[in-house]
Every structure is written in C-alpha cells, then in structure tokens.
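Throughout the sequence shown, residue numbering follows the UniProt record's numbering, covering 1 to 399 in sequence. Even for Gly, the Cβ is constructed at its ideal location relative to N, Cα and C.
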Amino acid sequence: MILPLRLPAAAAALVCLAAVLYGSLHPFRFAWPETGAASAWLSAGSEGSHAAEMLVNLLLYAPTAALAVAARGGVSMRRAALLAGFGGFLLSLGVETAQTVMPDRTSSLLDLGLNTLGAALGGAMGAVVAPRLVRGLSLRRVVAQPFVLLLLAAVAGYRLYPYVPSLDPDHVWAGFYYAFDLHTAPPLTVLRGTVTWLTLAVLVEALSGRRLARLAAPLAIALLLVAEVTLDRNRLYASDLLSALLGGMLWAVVPWRRGPWRWLLAGLAVAAVVAGRLRAGDALTDPLAGLVPFAELHGRHLTAVFLALFEKTFRLGSVLWLLWSAGLDRRRAALGFAGLLLLGEVVRTVLGGVPLTTDVALVLILAAVWRLLEPARPPPPAVPGRSCGTGDTLPSRSL
C-alpha cells in the first residue's frame, strides 16, 4: 500500500507559505510613504543586495513551490516550472508591493526576479522528486513503526526550535561565521555528533527504505543544518557541520543493516550517551534530590523543560531502538541500558558529582511507551551479507 502524498504535501506547502509570509511581512507595521506607494514601487531597485540576501531570495519560495507541485501530482517538469514560476511571481509581487508601505522593509525588483526563478526551480524539482516519493514510500512500513516516528518528531522538536524562520540576510550570513572555525569543533563533540547524525540517517532509512533513504536521509540532515541559520536561534558551528558530514558519509558507505555493524552502531550510541552523562555538569547540589527522577527540571522554564525532554527522548529512545535492531528483545534492551546508565551515575558520584536518575526513569518510560505503540515486535533478523538487489526490505529486516 502506497502512502498518499498529496495531503501531507499540501499541508507542508501551506506551512511553508505561512512561514514565508510571516518572515516577509514581520513586524507588520505599515505606513503610507510620502511619495505614494506607486512611486515607491517604481523607484525600487537592487540597492543593498549582496550575496547572502540574493541566495535567501532565490531559495525562499523553492520549498513551497516544490511541495505545491508534489501535492498537485501528474505534472511534467516543464509545466511545473512554468506554473510554479508564475505563481511565485504573483506571490512575490504581492509581498514586494506590501513592503512599499512598510517602514522597516524595502521593495526590490531583483528580489522579485530571484523569487520567481527560485519558485520555478522548486516546481521543477517537485515534479522530478514527487514521483519517486510516491513509488518508494510504503504506508505499511510507516504505520508499522510509530516509535521511529516518535523519535524523528522528538529530534525535530528540539532541533527546529523556535519554529519560526528568520529571513534577515545579515542573520543568515552571520549564522555561518563559526561554521568553518575548527576551534568550535572539539574532537569529542564531533564524535558524539557523528553518532547522532548517523543514527538519524539510519532511522530515516528504517522508515523509508534504503532506496528512498538515499534521497530522504541527506535531505533530512541538510534541512536540520539549514535550520541552524535560518531559524532565529544558535549559529551553525564547525562541530555540527563536521559531524553531519561524517555521519552522512558513514551511513552511505557502511552497511549498517548487517549483523556486526548493527552491534557496532548500537555500542557507539550507548557510549555517546554514557560519555555525555559523565561529562555533564551538576544540575543539582543535593545528592538526595538527584535520586528523584526529573528533579533537575524543577524550576526551569517550561520551554526549556520541553526541549530537554525532546532531546532526551531522541537520544535515549534511539539507543533502545538500535539495541533492539541489533538483536535484543525490548525488555532486555531497556533493563540493560537503564542498568548501564545507573552504573554511570554511580561513577559520577565516586568522581564527586551528583547522581541523577532522570535518564534511567525515562528509558523505562520510553520502553513502556514503545510497547504500547507496538505491542508485538520481535527483534529483526540480521540482513545477509549479500544484497537482495533492490536494497529495500520490510521494517523488521531493515535497521
């Protein structure tokens, strides 16, 4: 059974359109220009445009156009480019006209042209990519793995905060300032990040199948990296860029679905979590308070609590899933991982830290949630060393 693409693509296109309009018209302050709107529009040029601003305007409408074409379906690449370009022209014309009566904005004919070109390119891409998505994405594979969907939603929840794009070219350009500064890439941080990105790619592969994952996994990694600079949040650091490149390349060249490699990835994920806990600072000063699960979250802002829970859900839940994929049943995976985390907290206490039981409790909670979502799920058998040809398998046979 093939997953219908039109409805989710249309919903995503509307979300992208709303984000573009919000970013283009924020802060929604309007004032009629002294020379009149028509004169302001006719005098619009390309003053002040630079490389970063031009790149943002070129890419601004492309995702909306691609998703709109995917929602429409059955359109040739040439027709999709023409329709998307015309639609992008009308939309950009309306936005640029509105910006003539906004004191904080300036209209630009160059922006109009770049928006139109970007929409046309996005429409052509949507016409090429959408049929592959329709052929490759199986509803049975997706529905059979709600826990994987939960993990992917969790990583999106903490990586995409605050969920509102910033279209300020100076902000986007400044976001790349530290991307190539190796002083912001400590080796241990890069190694832990590599395991995280590799795990993300493997989860995407499990949900989409190997063939479609060749497109979906790099796209997911790229979107999360772009979010670091296009969302109003932290900048992109060299550690993020290096770890994403390493994780993506390792996923592409190593057969992680085969038995020995599955155990290696599970071991790396466990080591990354335990090492992170040993290096973490003390959130509490009272050792007895740390024995109460979630005590370190008390008193923090609600947003910070949710972001912390999203991140912990992804990191701890993905380890459970990887251990299960390597061959352990879910109960042994949960108890073994929780015991290892508890041992790590004992080591922290010996080293002078404060023990925290939040991660231990959350592992057991996630295992219970997984069991509720997927009542009967035996560990998948190891994939034979020789490929079956297509590279796609059922969820129980793919990592």
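Beta-carbon separation (whole angstroms), residue i vs residue j, contact threshold 8 angstroms
{"i": "residue 263", "j": "residue 326", "result": "5 angstroms"}
{"i": "residue 83", "j": "residue 12", "result": "About 18 angstroms separates the two Cβ atoms, so there is no contact after all."}
{"i": "residue 29", "j": "residue 111", "result": "In fact, because the Cβ distance is near 19 angstroms, the residues do not count as touching under 8 angstroms."}
{"i": "residue 185", "j": "residue 108", "result": "At roughly 37 angstroms, the Cβ-Cβ gap does not stay under 8 angstroms, so residue 185 and residue 108 are not in contact."}
{"i": "residue 128", "j": "residue 54", "result": "Rounded, the Cβ-Cβ distance is 24 angstroms, inconsistent with contact."}
{"i": "residue 118", "j": "residue 188", "result": "That pair is no contact at about 39 angstroms."}
{"i": "residue 366", "j": "residue 146", "result": "Wrong, their Cβ atoms sit about 13 angstroms apart, outside the cutoff."}
{"i": "residue 123", "j": "residue 94", "result": "Contact doesn't hold; Cβ gap of about 18 angstroms is too wide."}
Residue i, buried or exposed, once every other Cβ within 10 Å from all chains shown has been counted against 16
{"i": "residue 344", "result": "buried"}
{"i": "residue 121", "result": "buried"}
{"i": "residue 190", "result": "buried"}
{"i": "residue 125", "result": "buried"}
{"i": "residue 193", "result": "buried"}
{"i": "residue 181", "result": "exposed"}
{"i": "residue 304", "result": "exposed"}
{"i": "residue 331", "result": "exposed"}
{"i": "residue 179", "result": "buried"}
{"i": "residue 253", "result": "exposed"}
{"i": "residue 222", "result": "exposed"}
{"i": "residue 360", "result": "buried"}
{"i": "residue 56", "result": "buried"}
{"i": "residue 346", "result": "exposed"}
{"i": "residue 368", "result": "exposed"}
{"i": "residue 339", "result": "exposed"}
Identity of the residues DSSP links to residue i by a beta bridge
{"i": "residue 67", "result": "Beta-bridge pairing links residue 67 to no other residue."}
{"i": "residue 239", "result": "DSSP lists no partner for residue 239."}
Minimum Cβ-Cβ distance from residue i to chain B less than 8 angstroms
{"i": "residue 226", "result": "Of the protein chains in this structure there is only one, and it is not chain B."}
Nearest-angstrom Cα separation, counted from residue j out to residue i
{"i": "residue 19", "j": "residue 96", "result": "16 angstroms"}
{"i": "residue 333", "j": "residue 154", "result": "20 angstroms"}
{"i": "residue 46", "j": "residue 100", "result": "With a pLDDT of 49 at residue 46, under the threshold of 50, the modelled position of this residue cannot be trusted, and the question is left open."}
{"i": "residue 255", "j": "residue 271", "result": "20 angstroms"}
{"i": "residue 408", "j": "residue 301", "result": "For residue 408 there is no data in the structure shown, the boundaries of the chain being 1 and 399."}
{"i": "residue 293", "j": "residue 31", "result": "54 angstroms"}
{"i": "residue 81", "j": "residue 21", "result": "21 angstroms"}
{"i": "residue 14", "j": "residue 64", "result": "8 angstroms"}
{"i": "residue 183", "j": "residue 237", "result": "9 angstroms"}
{"i": "residue 224", "j": "residue 324", "result": "26 angstroms"}
{"i": "residue 266", "j": "residue 329", "result": "14 angstroms"}
{"i": "residue 161", "j": "residue 27", "result": "20 angstroms"}
{"i": "residue 156", "j": "residue 74", "result": "30 angstroms"}
{"i": "residue 351", "j": "residue 58", "result": "53 angstroms"}
{"i": "residue 235", "j": "residue 220", "result": "18 angstroms"}
{"i": "residue 213", "j": "residue 204", "result": "6 angstroms"}
{"i": "residue 62", "j": "residue 354", "result": "49 angstroms"}
{"i": "residue 152", "j": "residue 315", "result": "11 angstroms"}
{"i": "residue 407", "j": "residue 130", "result": "Any answer about residue 407 is impossible in this case: the structure gives the chain only from 1 up to 399."}
{"i": "residue 210", "j": "residue 25", "result": "41 angstroms"}
{"i": "residue 321", "j": "residue 215", "result": "22 angstroms"}
{"i": "residue 391", "j": "residue 247", "result": "At residue 391 the pLDDT is 39, less than 50, meaning the model places this residue with poor confidence; the figure from the coordinates comes in the next sentence. For residue 391 and residue 247, the distance between alpha carbons rounds to 20 angstroms."}
{"i": "residue 106", "j": "residue 308", "result": "39 angstroms"}
{"i": "residue 257", "j": "residue 150", "result": "21 angstroms"}
{"i": "residue 299", "j": "residue 79", "result": "56 angstroms"}
{"i": "residue 349", "j": "residue 208", "result": "42 angstroms"}
{"i": "residue 17", "j": "residue 295", "result": "41 angstroms"}
{"i": "residue 72", "j": "residue 116", "result": "19 angstroms"}
{"i": "residue 227", "j": "residue 306", "result": "19 angstroms"}
Residue i versus the options, residue with shortest Cα-Cα distance
{"i": "residue 356", "options": "276, 90, 303, 320", "result": "276"}
{"i": "residue 197", "options": "16, 268, 55", "result": "268"}
{"i": "residue 158", "options": "324, 361, 353, 310", "result": "310"}
{"i": "residue 176", "options": "229, 72, 118", "result": "229"}
{"i": "residue 370", "options": "313, 350, 358, 266", "result": "313"}
{"i": "residue 317", "options": "363, 202, 9", "result": "363"}
{"i": "residue 341", "options": "273, 128, 242, 202", "result": "273"}
{"i": "residue 148", "options": "206, 353, 298", "result": "206"}
{"i": "residue 9", "options": "320, 319, 70, 183", "result": "70"}
{"i": "residue 245", "options": "258, 201, 260, 235", "result": "201"}
{"i": "residue 297", "options": "358, 223, 150, 225", "result": "358"}
{"i": "residue 261", "options": "199, 226, 231", "result": "199"}
{"i": "residue 114", "options": "307, 208, 88, 368", "result": "88"}
{"i": "residue 98", "options": "218, 241, 23, 338", "result": "23"}
{"i": "residue 319", "options": "336, 94, 308, 306", "result": "336"}
{"i": "residue 375", "options": "349, 72, 144, 291", "result": "144"}
{"i": "residue 218", "options": "231, 227, 242, 249", "result": "249"}
{"i": "residue 242", "options": "17, 195, 295, 258", "result": "195"}
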